[in-house]
Structures are given as structure tokens and as C-alpha cells.
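Down below is the structure, laid out as C-alpha cells.
In our numbering, the protein residues as written are 161 to 294.
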């Protein structure tokens, strides 16, 4: 089965949906209920929003969802790093913990699959240029 851009877009949509659910849950709970200092709380929420919602949606709607390129793998890796911040006992809120684990697994699998697909689908022109310098 060949990886198509619709597969990448579907995975990015799921990452954005999980990230939005985590963001809504943490926003509803607040910093005081989770025991997080209020000076750090906006930074954590912006990191979550940018890494798991904004970047996947921007990649989803633009031409960067091409599985032959490395860009979606980088976006999945950034989503993984943004989700991994919230795998901590302080952020153990019911739907957010499950969404965080699902998002992390989905981002890791998406990054690995897209990365290997991008490395496997070299164009003949790139191979010819690489052989010229051997």
C-alpha cells in the first residue's frame, strides 16, 4: 500500500483533534486545580496549542502534507514533543491523559512512517546527482 497525502492529512487531523481536546480540558481545569504556577501556565498552553493544533492544521490545509517530503515528519515530531510535556502526574486529568497518550503514539507512528516513506521515495534525479559525486 502506498502512503498518500490523504493518509497524512487524516493523521494530522487526528493529532489536531486530540490536541484541541487536551487544550480544552486543561483550559477548563485551570492552573490552580493542577498545581501549576500561574507564571508558567500560559507558556504551557501556548506550546500545546501551537505544537498540537496550529502546526498540524496549517500543514493539513497547505501543500506540505506530501508524504514524499520530510516536512510532515517534522510536524509530527513537534507534535510529539508538545504532547510529551504533558505526560506527568500533575497533568493527570481524565480525558487529557488519554488524549495525550493517543496523541503521542499517533505522532510517533506518523513521524516514523512518513520519514521512512520520504527516504524511500527519492526521485531519479536525486539518485543521479548522488551517483555523480561518488
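Note that beta-carbon positions come from the ideal geometry of N, C-alpha and C, so glycine has one too.
Query                                                                                                                                              : Result
Just to confirm, are residue 242 and residue 179 a CB contact at a threshold of 9 Å?                                                               : yes
Between the stretch 200 to 214 and the stretch 173 to 188, do at least 3 Cβ pairs fall closer than 8 Å?                                            : yes
Report buried or exposed for residue 269, applying the criterion of at least 16 other Cβ atoms within 10 angstroms of its Cβ.                      : exposed
Rounded to a whole number of angstroms, what is the C-alpha to C-alpha distance between residue 189 and residue 279?                               : 42 Å
Taking its Cβ as the centre, do 16 or more other Cβ atoms sit within 10 Å of residue 219, making it buried, or is it exposed?                      : buried
Does the distance from the CB of residue 247 to the CB of residue 267 come in under 9 Å?                                                           : no
Thinking C-alpha only, which one of 168, 202 and 281 is nearest residue 216?                                                                       : 168
May I have the straight-line CA-CA distance separating residue 240 from residue 205, to the nearest angstrom?                                      : 15 Å
What are the start and end residues of the alpha helix (DSSP H) that includes residue 170?                                                         : 165 to 189
Assign residue 221 to buried or exposed, taking buried as 16 or more other Cβ atoms, counted over all protein chains shown, within 10 Å of its Cβ. : exposed
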